[in-house]
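Only one structure is covered here, and it is reproduced in the block below.
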Amino acid sequence: MLKGEHLRLTPFAAKNLDQTRQWANDQEICAGILRVLPVTEYDQEQWFVNLCHDLSKIVLSVHLLENEKHVGNSGFYDIDYLHRRAELWMLIGEKTCWGKGYGKQIVQLMLSYGFDFLNLNRIFLHVRHDHPRAVKLYENAGFKAEGVLREQYFMQGKYVNVLVMSILRSDYDTNK
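Per my numbering, residue 1060 is the first one in the sequence shown, and the count goes up by one each step.
Here it is as structure tokens:
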């Protein structure tokens, strides 16, 4: 579906449920993605059933081009076709793929998909305030900070602030 230099993003398929659940239940992976509750097999199946019928969500699997290995997921939640906005999220679950620039590629592909195909005007996201690498990634992609949701999540024994960031179509077109 979407192809970058090293990655391919395809519609999420049932065959990726088990791997995704393993990532969702890994504390190290979830520390950066605002996930706090464990995911059961039943939870995962219900999520997938609902996903198949929910037009306000698009979920894509991220695969390496070199070997088709499933290394993460990305997508849009809360797609509002009337106001042309959506929330971007991504997860690189394969730890050996961290720090290789894949996050940048995913964001670029998703912005192109959101603005050029879905015709969105605004793409926003939530990121941990204390996750500087992620914040820098989004800033470099053209996202601007809009505000802080103070003590939004209770994770690993403490409250964490969440930064709300967005990019507008006009920002994207300027940065292309």
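Cβ atoms here follow ideal geometry from the backbone N, Cα and C, with glycine treated the same way.
Is DSSP giving Met1214 helix, strand or coil here? strand
Anticipated Cβ contact below 8 Å, Leu1124 with Arg1067, distance rounded: 6 Å
Quick check: what's the CA-CA separation for Val1098 versus Gln1105? 11 Å
How should Ser1120 be labelled, buried or exposed, when 16 other C-beta atoms within 10 angstroms of its C-beta is the threshold for buried? buried
4-residue-minimum alpha helix (DSSP H) runs that sit fully inside the region 1099-1171, ordered along the chain: 1100-1112, 1161-1171
Own chain residues within Cβ distance below 7 Å of Tyr1172, not counting five before or after: Leu1061
State the beta-bridge partners of His1065 as determined by DSSP. Answer is none; His1065 lacks a bridge partner.
Can you name the start and end residues of the beta strand (DSSP E) that Leu1184 belongs to? 1181-1187
If we count the other Cβ atoms within 10 Å of its Cβ and call it buried at 16 or more, is Leu1179 buried or exposed? buried
Where Ser1133 falls, given that 16 or more other Cβ within 10 Å makes a residue buried: buried
From Val1219 to Tyr1212, what distance separates their C-alpha atoms? 5 Å
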